[in-house]
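Peer 1:
See the structure below:
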């Protein structure tokens, strides 16, 4: 695809619908972000797929032209941040409508959001806020996941969040909470290894045991990202900033998860201090190498 | 504590004065767990995520406003805006709408009377970028309209076209800010501007347009027929040439397809 074709006149947007997506053959993808729009379209990359936040493409506009061009070349995962599935309130109809329009046009292979909340009353706080892990939260989350799946006519994935705060009233651990939501609604689990790592530090639990507890057959996608260590008077808190390369410990956790769960589409997320495309694709190459190694181990075992 | 109460209280806390995070309400504190790392440290991560990400978004939407007041001033102003006007929904492409009115009532910005118009100009640019796609009216479509029907025709502007009038020279201010050349002086009294903000080839552009032309586009975007708009403009601007203006805007693809 030449760069020229991107610069079509923006008169009529007559892209799509694209043919339905199969699960990508190449398992590793990257987030498509504004600074890389043109380069991703003009470079031949060894990538299985691209991920975007649907919220950035609601209602049309210039962004959508780039997404349409990208979708011609790559499989797509729509990873939402705005459904606020964990809110006490029902999911906003307007949000469901905007999201469904994109699903119909772009035919993503996966659709997802988080086990967290953002909206309360008249405010939508722009962050993934923590839920108490109680039966009440589970029921409310399940209701919103079900509404969403019914509206979309398809299964969604729900991601384990990064949290910095836990609750006295927790009735179960997050790993069990994630399994339960999948059992109750038929949704899949989007397993974010960096989020597990960050929380294991922030709340003092064992990240490996979390992965062992997750029911492997629910996992439909994995995410990897970088975090920062934030110094406070009373210790270090890890913050999931998506602003750095994936840490070595998180790669180890990823290896463990791939061995346990098998190969699923895996995303490298990088959302602030966005590096050059080469660096980002380099992270994807690392994930691919890990998958190749583990697959080779499996073959060696089978041959024994 | 029920989920609804927790979410409501937590939201209020996030939008409250920053000092409150150091001593959160007792019942909310009892509901949360702290451990080695104390509750205020944990709450501040969320507060920083919320205010920080929205501030970054506002910086991206209002680069000229920020250049005029400086980063520190802008960040303080942005925080006040955010706490008073948190997003109302999960789509943030238009977040920052209302910044112009906010600035108009923001006392520290009073010495810069043009700031409100600059913010409105930047809001238009953002809206133009995100505006829905629609097809343009072409000369060929117009050519088949019988001449006697042209008078009564209503045509409208495309979704990405915005008209801005200011008594300040907005594009000169913009140029001055973006060049950042200390040796250059800006004459704020050089007169105002009539602007059309629009999207071409996926980029937002701005054109300085004539006063009659501005008036004409304004009239038709308010629903006047071509004949009414022309009559109105001619009464004020005797030298207004409808042929030239139509021709120009057919080329710029300003009008929406019939």
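Residue numbers (our numbering), protein chains in the order written: chain A, 868 to 1171; chain B, 3 to 260. For each residue, glycine too, the CB sits at the ideal point set by N, CA and C.
Just list the residues that DSSP pairs residue 1059 of chain A with in beta bridges.
Peer 2: A/1090
Peer 1: List the residues that DSSP assigns as beta-bridge partners of residue 1098 of chain A.
Peer 2: Residue 1098 of chain A is bridged by DSSP to A/1103.
Peer 1: For residue 954 of chain A, count neighbouring Cβ atoms within 10 angstroms of its own Cβ and tell me buried if that reaches 16, exposed if not.
Peer 2: By the neighbour-count rule (16 or more Cβ atoms within 10 Å), residue 954 of chain A is buried.
Peer 1: Quick check on the burial criterion: 16 or more other C-beta atoms within 10 angstroms. Buried or exposed for residue 924 of chain A?
Peer 2: buried
Peer 1: Can you give the Cα-Cα distance for residue 1135 of chain A and residue 896 of chain A, rounded to whole angstroms?
Peer 2: 6 Å
Peer 1: Are the C-beta atoms of residue 4 of chain B and some chain A residue less than 8 Å apart?
Peer 2: Look at residue 4 of chain B: its C-beta is under 8 Å from a C-beta on chain A.
Peer 1: Report yes if the C-beta distance between residue 1069 of chain A and residue 1092 of chain A is below 8 Å; otherwise report no.
Peer 2: No, they are not a contact pair.
Peer 1: By the criterion of Cβ-Cβ separation under 7 Å, what are the contact partners of residue 43 of chain B in chain A?
Peer 2: Residues of chain A with a Cβ closer than 7 Å to the Cβ of residue 43 of chain B are, in chain order, 1099, 1101 and 1104.
Peer 1: Quick check: is the beta carbon of residue 27 of chain B nearer than 8 Å to any beta carbon in chain A?
Peer 2: Chain A, which has no Cβ nearer than 8 Å to the Cβ of residue 27 of chain B, makes this no.
Peer 1: With 7 Å as the C-beta to C-beta threshold (strictly closer), list the residues of the segment 185-210 of chain B near chain A in chain order.
Peer 2: Taking 7 Å as the Cβ-Cβ cut-off against chain A, the residues of the segment 185-210 of chain B that qualify are 201, 203 and 204.
Peer 1: To be precise: take each residue of the segment 1063-1077 of chain A, compare its Cβ to all Cβ atoms of chain D, and keep it if any distance is under 8 Å. Which residues remain?
Peer 2: Considering every chain present, this structure includes no chain D. Its protein chains are A and B.
Peer 1: Please state the DSSP three-state secondary structure of residue 1118 of chain A.
Peer 2: helix
Peer 1: Do residue 35 of chain B and residue 1033 of chain A have their CB atoms nearer than 8 Å?
Peer 2: Going by C-beta atoms, residue 35 of chain B is nearer than 8 Å to residue 1033 of chain A.
Peer 1: Please confirm if residue 999 of chain A has its CB atom under 8 Å from at least one CB of chain B.
Peer 2: Judged by the 8 Å Cβ criterion, residue 999 of chain A is in contact with chain B.
Peer 1: Leaving aside the five residues before and after residue 145 of chain B along the sequence, list all residues of the same chain whose C-beta is less than 7 Å from its C-beta, in chain order.
Peer 2: none
Peer 1: Skipping 5 residues on each side, what residues in its chain have a beta carbon closer than 6 Å to that of residue 1057 of chain A?
Peer 2: Result list for residue 1057 of chain A: 979, 1024, 1026 and 1088, in chain order.
Peer 1: Quick one: what does DSSP say residue 942 of chain A is sitting in, helix, strand or coil?
Peer 2: Here residue 942 of chain A carries a strand assignment [DSSP, helix/strand/coil].
Peer 1: If the criterion is Cβ atoms closer than 8 Å, does the pair residue 1008 of chain A and residue 1048 of chain A meet it?
Peer 2: yes
Peer 1: Roughly how many angstroms lie between the CA atoms of residue 967 of chain A and residue 260 of chain B, to the nearest whole one?
Peer 2: Rounded to whole angstroms, the gap between the alpha carbons of residue 967 of chain A and residue 260 of chain B is 28 Å.
Peer 1: Going along chain A in order, which residues have a C-beta closer than 9 Å to the C-beta of residue 102 of chain B?
Peer 2: In chain order: nothing, as chain A lies at least about 21 Å away.
Peer 1: To test your reading of the DSSP string, which unbroken beta strand (DSSP E) runs of 3 or more residues are found completely within the segment 943-990 of chain A?
Peer 2: 977-981 and 984-987
Peer 1: Give me the DSSP bridge partner(s) of residue 896 of chain A.
Peer 2: A/916 and A/1134
Peer 1: To the nearest angstrom, report how far apart residue 1035 of chain A and residue 992 of chain A are at their CA atoms.
Peer 2: 23 Å
Peer 1: Mind checking if residue 1090 of chain A is an interface residue toward chain B, Cβ cutoff 8 Å exclusive?
Peer 2: no
Peer 1: Determine the DSSP secondary structure at residue 167 of chain B, reduced to helix, strand or coil.
Peer 2: Three-state result, residue 167 of chain B: strand.
Peer 1: Extract the residue ranges of the alpha helix (DSSP H) inside the segment 15-47 of chain B, only unbroken runs of 4 or more that lie entirely within it.
Peer 2: 28-33
Peer 1: Can you name the residues of chain A whose CB is closer than 7 Å to the CB of residue 38 of chain B?
Peer 2: In chain order: 1101 and 1102.
Peer 1: For a quick check, are the C-beta atoms of residue 994 of chain A and residue 84 of chain B less than 8 Å apart?
Peer 2: no
Peer 1: Determine the direct distance from the alpha carbon of residue 944 of chain A to that of residue 250 of chain B, and round the result to whole angstroms.
Peer 2: Taking the straight line joining both Cα atoms gives about 42 Å.
Peer 1: How would you call residue 224 of chain B, buried or exposed, if buried means at least 16 neighbouring beta carbons within 10 angstroms?
Peer 2: exposed
Peer 1: Does the Cβ of residue 68 of chain B have 16 or more other Cβ atoms within 10 Å, making it buried, or fewer, making it exposed?
Peer 2: buried
Peer 1: Return the CA-CA distance between residue 1166 of chain A and residue 946 of chain A, expressed in angstroms with no decimal places.
Peer 2: 33 Å
Peer 1: Could you check where the beta strand (DSSP E) with residue 202 of chain B kicks off and where it finishes?
Peer 2: 195-202
Peer 1: Would residue 257 of chain B pass as a contact of residue 139 of chain B if the rule is Cβ separation under 8 Å?
Peer 2: One thing to note: residue 257 of chain B has its Cβ within 8 Å of the Cβ of residue 139 of chain B.
Peer 1: Do the CB positions of residue 38 of chain B and residue 1102 of chain A come within less than 8 Å of each other?
Peer 2: Contact: yes.
Peer 1: For residue 1158 of chain A, which residues in the same chain have their Cβ closer than 8 Å to its Cβ, ignoring the five residues on either side in sequence?
Peer 2: 894, 895, 1125, 1130 and 1133
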